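Okay, so here's the structure we're looking at.
2 protein chains.
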Amino acid sequence: MSGEVVDSNPYSRLMALKRMGIVNNYEDIRKFSVAIVGIGGVGSVAAEMLTRCGIGRLLLYDYDTVELANMNRLFFKPDQAGMTKTDAAVQTLAEINPDVILESYTQNITTVDGFKKFTDSLTRDIKGNSTGGKSGVDLVLSCVDNYEARMVVNQACNELRQTWMESGVSEDAVSGHIQLLIPGETACFACAPPLVVASGVDEKTLKREGVCAASLPTTMGIVAGLLVQNTLKYLLQFGLVSRYLGYSALKDFFPTMEMRPNPQCSNTACLECQHEYEANKPERDAAAKLKAEADAEEASRAAEVPLHTENEWNISLVDDDDDVAVFSGFTEESSAGTKDLPAGLLRELPEADLLDKAEMLENDYVQSGGDLDELQKQLEALNAL
Amino acid sequence: MSGEVVDSNPYSRLMALKRMGIVNNYEDIRKFSVAIVGIGGVGSVAAEMLTRCGIGRLLLYDYDTVELANMNRLFFKPDQAGMTKTDAAVQTLAEINPDVILESYTQNITTVDGFKKFTDSLTRDIKGNSTGGKSGVDLVLSCVDNYEARMVVNQACNELRQTWMESGVSEDAVSGHIQLLIPGETACFACAPPLVVASGVDEKTLKREGVCAASLPTTMGIVAGLLVQNTLKYLLQFGLVSRYLGYSALKDFFPTMEMRPNPQCSNTACLECQHEYEANKPERDAAAKLKAEADAEEASRAAEVPLHTENEWNISLVDDDDDVAVFSGFTEESSAGTKDLPAGLLRELPEADLLDKAEMLENDYVQSGGDLDELQKQLEALNAL
Numbered sequence: 001m002s003g004e005v006v007d008s009n010p011y012s013r014l015m016a017l018k019r020m021g022i023v024n025n026y027e028d029i030r031k032f033s034v035a036i037v038g039i040g041g042v043g044s045v046a047a048e049m050l051t052r053c054g055i056g057r058l059l060l061y062d063y064d065t066v067e068l069a070n071m072n073r074l075f076f077k078p079d080q081a082g083m084t085k086t087d088a089a090v091q092t093l094a095e096i097n098p099d100v101i102l103e104s105y106t107q108n109i110t111t112v113d114g115f116k117k118f119t120d121s122l123t124r125d126i127k128g129n130s131t132g133g134k135s136g137v138d139l140v141l142s143c144v145d146n147y148e149a150r151m152v153v154n155q156a157c158n159e160l161r162q163t164w165m166e167s168g169v170s171e172d173a174v175s176g177h178i179q180l181l182i183p184g185e186t187a188c189f190a191c192a193p194p195l196v197v198a199s200g201v202d203e204k205t206l207k208r209e210g211v212c213a214a215s216l217p218t219t220m221g222i223v224a225g226l227l228v229q230n231t232l233k234y235l236l237q238f239g240l241v242s243r244y245l246g247y248s249a250l251k252d253f254f255p256t257m258e259m260r261p262n263p264q265c266s267n268t269a270c271l272e273c274q275h276e277y278e279a280n281k282p283e284r285d286a287a288a289k290l291k292a293e294a295d296a297e298e299a300s301r302a303a304e305v306p307l308h309t310e311n312e313w314n315i316s317l318v319d320d321d322d323d324v325a326v327f328s329g330f331t332e333e334s335s336a337g338t339k340d341l342p343a344g345l346l347r348e349l350p351e352a353d354l355l356d357k358a359e360m361l362e363n364d365y366v367q368s369g370g371d372l373d374e375l376q377k378q379l380e381a382l383n384a385l
Numbered sequence: 001m002s003g004e005v006v007d008s009n010p011y012s013r014l015m016a017l018k019r020m021g022i023v024n025n026y027e028d029i030r031k032f033s034v035a036i037v038g039i040g041g042v043g044s045v046a047a048e049m050l051t052r053c054g055i056g057r058l059l060l061y062d063y064d065t066v067e068l069a070n071m072n073r074l075f076f077k078p079d080q081a082g083m084t085k086t087d088a089a090v091q092t093l094a095e096i097n098p099d100v101i102l103e104s105y106t107q108n109i110t111t112v113d114g115f116k117k118f119t120d121s122l123t124r125d126i127k128g129n130s131t132g133g134k135s136g137v138d139l140v141l142s143c144v145d146n147y148e149a150r151m152v153v154n155q156a157c158n159e160l161r162q163t164w165m166e167s168g169v170s171e172d173a174v175s176g177h178i179q180l181l182i183p184g185e186t187a188c189f190a191c192a193p194p195l196v197v198a199s200g201v202d203e204k205t206l207k208r209e210g211v212c213a214a215s216l217p218t219t220m221g222i223v224a225g226l227l228v229q230n231t232l233k234y235l236l237q238f239g240l241v242s243r244y245l246g247y248s249a250l251k252d253f254f255p256t257m258e259m260r261p262n263p264q265c266s267n268t269a270c271l272e273c274q275h276e277y278e279a280n281k282p283e284r285d286a287a288a289k290l291k292a293e294a295d296a297e298e299a300s301r302a303a304e305v306p307l308h309t310e311n312e313w314n315i316s317l318v319d320d321d322d323d324v325a326v327f328s329g330f331t332e333e334s335s336a337g338t339k340d341l342p343a344g345l346l347r348e349l350p351e352a353d354l355l356d357k358a359e360m361l362e363n364d365y366v367q368s369g370g371d372l373d374e375l376q377k378q379l380e381a382l383n384a385l
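If you read the protein sequences in the order shown, they are chains A and B. Residue numbering for the first sequence follows UniProt numbering, beginning at 1 and increasing consecutively. Residue numbering for the second sequence follows UniProt numbering, beginning at 1 and increasing consecutively.
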């Protein structure tokens, strides 16, 4: 992945994140595998964003086909109507960035057979080798539109101890959310289930013929953007990874919250994860202590050397009290005119220095015993400034 | 624009916004013209969102060509490299939704000639007829990457009394904003100009060979989404239209603010707009009073008829004090078992009714004069519950 700044380099603007001090290790993105479950209005855009970011491998799961009724959301094109969403996605994504390994799984993960194939695919590494029952991906993104599928992703991720992110958009299209789920550490999807899940009612019975949910490309694009931004922060370790971030479009309100695991969660695998997390506390504490010590050492080392060894922008700092221009690049040409304003700007009040000068002249006047001619000359000199 | 719920209708999920009670008049979107200046990482995605929403007409302005270095943002495809951004955009957008009128202006609006062509194009209506110097569009979206172009959009919109929205993404790619500008009512772009504009320094001198700004498809997609969401709210009159909405990706922070016009703004057209806005105050007040009266009348009329004349979901409301199930659909089958929990859920504490029963039994015990056998039987009956 080259950071060369030329128009022909598709990664130049991403590698610039290193120069800007945002990410230390952008090229590591080539090592990561992300699974996206549900390639609809959110999942397809998330897949495109990760593809354009140069992610190493994408695993795409969906069993639906593209319809013209999907055209009010980003990504799919009318001439893809009738194709499976996974095939259409691979077609578009491979064209955008052939560097990304794309794995397409056209299957319903909520069937017994589908669930087995789903967990099997998650336990292979980037080279396709079995990882012996451990997860072979770095993150799972759930972009599905029903609770049954979310519970299945939750089950697989709890079993594999796999961190995942959940996303959703409301049926009225004007709100959505993303959520980070770390088995044992945060609430799992079954820890505080929605009423329809807890009550065991089949959610399909709640949908009626001829009634469809609303959707908007804006809300789904924003939720996909927030989801992938959180993904980049999580994988490349920069900024604050949000545990839960909501979006309410009508008022541009973005609530956040944290959800701890429920010790009485109905999901057995979740309870196992919680016990493991509890058991690992001494280990975590020791690691946190080591890290704090290393950080302190690093900080004391850093204090000994200048903050910026290179000064490519030729910036120099001066004291606020100093009476010279702040931008050293301008001092030579305009050291005499540092108080000149750029063309078009006028000062409303005289500068402090001019006031001082006026005061000084006034004192001179007093000292000179009231010579009016002398004062007149001094005033003219002041006006000529 | 049909609201029919069939897979072949690209507008079904948008027209559903009416059924969901979000928008009253979704089909009005076909009447609106939106000009987008700058078809880059934000402008191209905004154009795609509006196209998929079925906007009436889009006017697209850019003079740049597509490069492979743009591939880390959504929209353009590698095989479009070398095309002008306007041509490439029209190619993609026409394929997505042939219902939208697309006008492509491949020109630099910051030249004298370009500015004239820009304002000329804004003063034609959806049928291409001259509007006699008045604006013929409903909104201008600024999606440019430099202040010079923003000042030009500001000048044109002040002169035409045209409401516009400004957008921007920082050079480190992790923050952005959108802003609504209503000439005379809110601050214009010159009312509180950025330092580089106020100081008159040519911003091109601040960019150096071989150094490029960072960009991310996430941040740009989110800013485009927020911009078009605000556009939909403004045009279709629903929700709260944000005056300023910021986005800081590192902390998922979304600041909002309002900026009033600067009475000492350097832009003459802005000062004229401010005077007009002030002069129109009595008219605005009268209109607001009329609207408040109409709303009050509407509310009193609404109070006389049931809130929902149709009850297609068969929902009935009951008093909190009533001891029957809330969902009327379930009452017949399970009126005897309303206290039964769904499988998998356990009560941690006894129900209030059971406590009452225990108390009742205790009272019985006292009344029965302390017969221990009787009490034992009553306890067994209680445990069998």
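Yeah, the Cβ is synthetic: ideal placement off N, Cα and C, and Gly gets one too. A quick note: this is a predicted structure, and the numbers were derived from the prediction, not measured.
Helix, strand or coil at residue i according to DSSP, with G and I counted as helix
i	result
A/I36	strand
A/V169	strand
B/L250	coil
B/A214	coil
A/E258	coil
B/L74	coil
residue 391 of chain B	There is no way to answer for residue 391 of chain B, as the model of chain B reaches only from 1 to 385.
A/A16	helix
A/V201	coil
B/R161	coil
B/R243	coil
B/G3	coil
B/G176	strand
A/D64	coil
B/T231	helix
B/L379	helix
CB contact below 8 Å: residue i versus chain A
i	result
B/I222	yes
B/S215	yes
B/F254	yes
B/Y11	yes
B/M71	yes
B/V174	yes
B/Q229	yes
B/S8	yes
B/E148	no
residue 386 of chain B	Not covered by the structure: residue 386 of chain B. The range shown for chain B is 1 to 385.
B/A287	no
B/K77	yes
Integer Cβ distance of residue i from residue j, believed to fall under 8 Å
i	j	result
B/A249	B/A214	Going by Cβ atoms, the distance from B/A249 to B/A214 rounds to 12 Å, so no, they are not a contact pair.
A/V42	A/V197	Not confirmed; about 20 Å, so no contact.
A/C143	A/S167	5 Å
residue 398 of chain B	B/T119	Since the first residue shown for chain B is 1 and the last is 385, residue 398 of chain B is missing from the structure and cannot be characterised.
B/M257	B/A187	Rounded, the Cβ-Cβ distance is 10 Å, inconsistent with contact.
B/T218	A/M151	Actually they do not touch by this definition, with Cβ atoms about 28 Å apart.
B/V45	B/L74	5 Å
B/I39	B/A81	Not quite, the Cβ-Cβ distance comes to about 15 Å (not below 8 Å), so this is no contact.
A/K31	A/G56	5 Å
8 Å Cβ cutoff, residue i in contact with chain C
i	result
B/A88	Among the protein chains in the structure shown, which are A and B, there is no chain C.
Residue-level contact to chain B via CB, residue i, 8 Å cutoff
i	result
A/G239	yes
A/D138	no
A/D202	no
A/C191	no
A/S242	yes
A/C245	Sequence inspection shows Leu at residue 245 of chain A; the Cys mentioned does not correspond to that position. By this cut-off, A/L245 is an interface position.
A/V258	The sequence given here has Glu at residue 258 of chain A, not Val. So no, A/E258 is outside the interface.
A/G337	Because the pLDDT at A/G337 is just 43, under 50, the model does not fix this residue reliably, and the value given afterwards should be weighed accordingly. Taking Cβ atoms only, chain B never reaches closer than 8 Å to A/G337, which makes this a no.
Looking at chain B, which residues of the segment 15 to 44 of chain A have a Cβ within less than 7 Å of any of its Cβ atoms?
Residues of the segment 15 to 44 of chain A whose Cβ lies closer than 7 Å to any Cβ of chain B, in chain order: A16, L17, M20, I22.
Could you run through the segment 46 to 59 of chain B and flag, in chain order, every residue whose CB is less than 7 Å away from some CB of chain A?
Cβ contacts with chain A come from E48, M49, R52, C53.
Runs of alpha helix (DSSP H) wholly within the segment 103 to 153 of chain B (minimum 4 residues, chain order)
For the segment 103 to 153 of chain B, whole alpha helix (DSSP H) runs of length 4 or above, ordered along the chain, are 112 to 122.
Residues of the segment 156 to 184 of chain B whose Cβ lies closer than 8 Å to any Cβ of chain A, in chain order
From the segment 156 to 184 of chain B, only E171, D172, A173, V174 have a Cβ closer than 8 Å to chain A.
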